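Colleague: Below are the C-alpha cells for one structure; questions will follow.
Protein chains: 2
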Amino acid sequence: MTLTTAEENYLKAIYHLSNGGTKSVSTNDVAAEIKTKAASVSDMLRKLGDKEVIEYRKYYGVNITEEGKKRALQTIRKHRLWEVFLVEKLQFAWDEVHEVAEELEHIQSPLLIQRLDSYLNFPKFDPHGDPIPDEYGDVRARPRLALNEMDIDQSGQIVAVKDSSAAFLKYLDKVGAYIGARIKVLDKVEFDGSMEILVDQKKTLFMSKDVAANILAIQS
Amino acid sequence: MTLTTAEENYLKAIYHLSNGGTKSVSTNDVAAEIKTKAASVSDMLRKLGDKEVIEYRKYYGVNITEEGKKRALQTIRKHRLWEVFLVEKLQFAWDEVHEVAEELEHIQSPLLIQRLDSYLNFPKFDPHGDPIPDEYGDVRARPRLALNEMDIDQSGQIVAVKDSSAAFLKYLDKVGAYIGARIKVLDKVEFDGSMEILVDQKKTLFMSKDVAANILAIQS
DNA sequence: TCTTATTTTTAGGTAAGACTAAAATGCTAA
DNA sequence: TTAGCATTTTAGTCTTACCTAAAAATAAGA
Ligand SMILES: [Mn+2]
Ligand SMILES: [Mn+2]
Ligand SMILES: [Mn+2]
Ligand SMILES: [Mn+2]
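Listed in order, the protein sequences are those of chains A and B.
Numbering-wise (the UniProt record's numbering), the first sequence opens with residue 1 and increments by one.
Numbering-wise (the UniProt record's numbering), the second sequence opens with residue 1 and increments by one.
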C-alpha cells in the first residue's frame, strides 16, 4: 500500500517522537511537530491506523507498528541520502539542506535511491551526523552522548547534532564546532551548566548548557 | 504567485501543445496530453486564466501568456537538467528518466537548480537532444529536421528524438541509433516512405517512415 | 470523590483536483 | 438556415488535507 506525502511526513514525525518506536506519542505532540492542529492530526491518525502503520487507540495516543517503522525508515533514508548529496555534490551548507530534503524524500523511485546511494559511495551518516538506514531499514547506531553529560577532563569527538535548525548550525559554524572535531571538556560551571571546551587541541570554546545539550559526541 | 504541481504540469502541457506559444490549444488536446477528462481541464483553465499565465476564452481554447511561457520554461529547464543528472551521474538509461524527472521538476529551490546546473557543467541539451532553457527562459534552438524529410544522399547527424517514450528509445538502442550519430540517407522508398540509413559510415539501418519522423537531425 | 482543566475527538466547512452526467455552445453539412 | 454532431462547460460528487468551534473523554486537584 502506498502512502501520500502527507502520510509519510506524519509517519516520520511519529517515528521520531516515539524515539524509534520505543514509546507512544500523543496527538498534541504530533500537532506541534507537524505544525498543524490537533483536529487534523486526529483525522490523519485514523487513516494511518486503517493502513496499519500505527496502532491507534482513541484518546490514548499512538504506537508505530513494525510495518510503520519500516516505512518511516525508508523515508528517513531518502531524506538523509539527499542531504548528503546536497552537501557533498552541490556544495550546500549543512544548514541549507533540510527543507529541500523534506521535499526530495517523497520522490518515488527505488532505482533513484539505489543509484544515489551508490553514487555517494554508500554513506553511513548524513551531514548532521545522523545514521542512514540501509535499504532494509537497518540502522547501525553509534552510542552517543550529549556534551553536557560529559565530565571535566573527558575527551571525545563530535559526531552529530541534536538540533538541525539553521540557527543552531550557523552558530556552530561561527564558533568553529563541526562534526569530526576532537574535543576535551576543560570546565563545567556548576551554577548554570555552561561549559568550556577545547576544540582540536587549540581553540577554547565557551557554550551554554543548552548548546552543549544539542551537540553529540563519542568518548575516547 | 506560485503554481501548484498540477498547475505546473498543465502549463507545461499547454506550452508544448501550443508549440512554444505560437498557436492556441483546445481543451480536449490538453485533456489527452495530461490524461485527464475535459471537465477537469475546463476547471483548471479557469484557474490558470485567473493567475494570468494563460488567456482563456470559454469555448475557444487557450493561449499562453508571456508570463506563462516564462513559468513553463522554468519547469522545462528543471525537468531537463534533472534528466541530464540522472543519465550522466546516476547511470540511468535515456528511456528511464522521464517519469522521475516529471516529479523532480516540481521541487521548489532556485539554489538547487542553480547548483545542479553548475554541477552538470551547464549542459545545453538533455538526453533526448532537447535544448535546456537558461535561467531567464532563453532557449538556443538549433534548426532540426525529421529524418523522413531528408533526401537521398544527404548527410547529417542525429541531434534529438521527437518521441521520448521508453518503447521508442529502447527500439533506437536496439538498432544502434543514438544522439550524435553521423548518418547518410541511402534510400527512401516512394511507396511507404521507409528509409535506409547509413550510421557512422558502417552500419545500415532500415526504418519505417513513422520511426524516421521521430528522429531529428541537422544536415551537414 | 467530584469538579475543573486539559486533551482529544467530532461535526461541519473550505480548497484543490479529480470524476460522471447533463446542459450549453459552436461548427458543419444538407 | 437549421439539424445534428462534436466540443466544451456546468452541476453535482468524491477524496485528501487542512481549518474552527463544540462536544466528549481523560487527568488532576481539592
Ligand atoms: Mn517531507
Ligand atoms: Mn539531517
Ligand atoms: Mn511533472
Ligand atoms: Mn527529455
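Even for Gly, the Cβ is constructed at its ideal location relative to N, Cα and C.
All of these numbers come straight from a predicted model, not from anything done at the bench.
DSSP state of residue 76 (chain A), grouped into three classes?
Modeller: Looking at residue 76 (chain A) - three-state DSSP - the assignment turns out to be helix.
Colleague: Taking the runs of the beta strand (DSSP E) that are 3 residues or longer, which of them lie wholly in the region 51-123 of chain A?
Modeller: Those beta strand (DSSP E) runs which fall completely within the region 51-123 of chain A and span 3+ residues are 54-56 and 62-64.
Colleague: Does residue 59 (chain B) have its Cβ less than 8 Å from a Cβ in chain A?
Modeller: With 8 Å as the cut-off, residue 59 (chain B) does not count as an interface residue toward chain A.
Colleague: Which residues mark the beginning and the end of the beta strand (DSSP E) in which residue 197 (chain B) is found?
Modeller: Taken as a continuous stretch (DSSP letters only), the beta strand (DSSP E) holding residue 197 (chain B) covers 195-199.
Colleague: State the start and end residues of the unbroken alpha helix (DSSP H) segment that holds residue 27 (chain B).
Modeller: Taken as a continuous stretch (DSSP letters only), the alpha helix (DSSP H) holding residue 27 (chain B) covers 27-34.
Colleague: Going by CA-CA distance only, name the one from A:215, A:212, A:7 and A:210 that's closest to residue 105 (chain A).
Modeller: Ranking the options by Cα distance to residue 105 (chain A), first place goes to A:7.
Colleague: Can residue 117 (chain B) be considered in contact with ligand 4, in the sense that its beta carbon sits closer than 7 Å to one or more heavy atoms?
Modeller: Incorrect: residue 117 (chain B) has no Cβ contact closer than 7 Å to ligand 4.
Colleague: Please report whether the beta-carbon of residue 91 (chain A) lies at a distance below 8 Å from any beta-carbon of chain B.
Modeller: Cβ-Cβ to chain B under 8 Å: yes for residue 91 (chain A).
Colleague: Rounded to the nearest angstrom, what separates residue 148 (chain A) and residue 196 (chain A) at their Cα positions?
Modeller: The alpha-carbon atoms of residue 148 (chain A) and residue 196 (chain A) are separated by roughly 10 Å.
Colleague: In angstroms with no decimal places, state the Cα-to-Cα distance between residue 175 (chain A) and residue 4 (chain B).
Modeller: Distance between the alpha carbons of residue 175 (chain A) and residue 4 (chain B): 40 Å.
Colleague: For residue 81 (chain B) versus residue 116 (chain B), is the C-beta distance shorter than 8 Å?
Modeller: Cβ distance < 8 Å, so residue 81 (chain B) and residue 116 (chain B) count as in contact.
Colleague: Mind checking if residue 87 (chain B) is an interface residue toward chain A, Cβ cutoff 8 Å exclusive?
Modeller: So, not an interface residue.
Colleague: Using a Cβ cut-off of 7 Å, pull out every chain A residue sitting near residue 119 (chain B), in sequence order please.
Modeller: Going along chain A in sequence order, the residues near residue 119 (chain B) (Cβ under 7 Å) are 89 and 90.
Colleague: Are the beta-carbon atoms belonging to residue 177 (chain A) and residue 199 (chain A) less than 8 Å from one another?
Modeller: In this structure, residue 199 (chain A) lies closer than 8 Å to residue 177 (chain A) by Cβ.
Colleague: Ends of the beta strand (DSSP E) at residue 23 (chain A)?
Modeller: Careful: residue 23 (chain A) lies outside any beta strand (DSSP E) and carries neither H nor E.
Colleague: Considering only heavy atoms of ligand 3 and the C-beta of each residue, which residues fall inside 6 Å, strictly closer?
Modeller: Answer in sequence order: B:9, B:102, B:105 and B:106.
Colleague: Closer than 6 Å by C-beta to residue 75 (chain B): which residues in its own chain qualify, once you throw out the five before and the five after it? Chain order, please.
Modeller: Taken in chain order, the residues that qualify are 8, 12 and 105.
Colleague: Would you identify the three-state DSSP class for residue 155 (chain A), choosing helix, strand or coil?
Modeller: In the structure shown, residue 155 (chain A) sits in a strand (DSSP, three-state: E or B).
Colleague: Looking at ligand 4, does it come within less than 7 Å of residue 128 (chain B), judged from the CB to the closest heavy atom?
Modeller: Yes, the Cβ of residue 128 (chain B) comes within 7 Å of a heavy atom of ligand 4.
Colleague: With DSSP as the reference, label residue 141 (chain A) as helix, strand or coil.
Modeller: The answer is coil: DSSP assigns residue 141 (chain A) none of H, G, I, E or B.
Colleague: Using a Cβ-Cβ cutoff of less than 6 Å, which residues in the same chain neighbour residue 61 (chain A) once the five nearest sequence positions on both sides are dropped?
Modeller: Same-chain partners within the cutoff: 24, 25 and 26.
Colleague: Could you compute how far the alpha carbon of residue 209 (chain A) sits from the alpha carbon of residue 187 (chain A)?
Modeller: Whole-angstrom Cα-Cα distance: 12 Å.
Colleague: Along the chain, where does the alpha helix (DSSP H) containing residue 204 (chain A) start, and where does it finish?
Modeller: Segment 203-207 is the beta strand (DSSP E) holding residue 204 (chain A); no alpha helix (DSSP H) there.
Colleague: Check residue 210 (chain B) in the structure and name its three-state DSSP category.
Modeller: Helix.
Colleague: Going by C-alpha distance, which of A:29, A:78 and A:43 is nearest residue 98 (chain A)?
Modeller: Considering only alpha carbons, the answer is A:78.
Colleague: For residue 109 (chain B), return the contacting residues in chain A, with the cut-off set at a CB-CB distance below 7 Å.
Modeller: Correct list: 100.
Colleague: Does the beta carbon of residue 103 (chain A) sit closer than 8 Å to a beta carbon anywhere in chain B?
Modeller: Yes - at least one Cβ of chain B is within 8 Å of the one on residue 103 (chain A).
Colleague: Whole angstroms is fine: what's the gap from residue 161 (chain A)'s alpha carbon to residue 83 (chain A)'s?
Modeller: Approximately 14 Å, taken between the alpha carbons.
Colleague: Pull up the distance between the alpha-carbon of residue 16 (chain A) and that of residue 102 (chain A), whole angstroms please.
Modeller: Whole-angstrom Cα-Cα distance: 14 Å.
Colleague: List, in order along the chain, the chain B residues whose C-beta lies closer than 7 Å to that of residue 116 (chain A)?
Modeller: Near residue 116 (chain A) (Cβ distances below 7 Å), the residues of chain B are 90.
Colleague: Any heavy atom of ligand 4 closer than 7 Å to the beta-carbon of residue 182 (chain B)?
Modeller: Incorrect: residue 182 (chain B) has no Cβ contact closer than 7 Å to ligand 4.
Colleague: Sorry if obvious, but does the Cβ on residue 57 (chain B) come closer than 7 Å to a heavy atom of ligand 5?
Modeller: This structure simply doesn't include ligand 5; it includes ligand 1, ligand 2, ligand 3 and ligand 4 instead.
Colleague: Can you tell me whether DSSP reads residue 175 (chain B) as helix, strand or coil?
Modeller: If DSSP states are grouped into helix, strand and coil, residue 175 (chain B) belongs with the helices.
Colleague: Starting from residue 183 (chain A), follow its DSSP beta bridges and name the residues at the other end.
Modeller: Residue 183 (chain A) is bridged to A:156 and A:199.
Colleague: Between B:151, B:190 and B:88, which has its C-alpha nearest residue 128 (chain B)'s C-alpha?
Modeller: Nearest of B:151, B:190 and B:88 to residue 128 (chain B), Cα basis: B:88.
Colleague: Less than 8 Å between the beta carbons of residue 157 (chain A) and residue 182 (chain A), yes or no?
Modeller: In this structure, residue 182 (chain A) lies closer than 8 Å to residue 157 (chain A) by Cβ.
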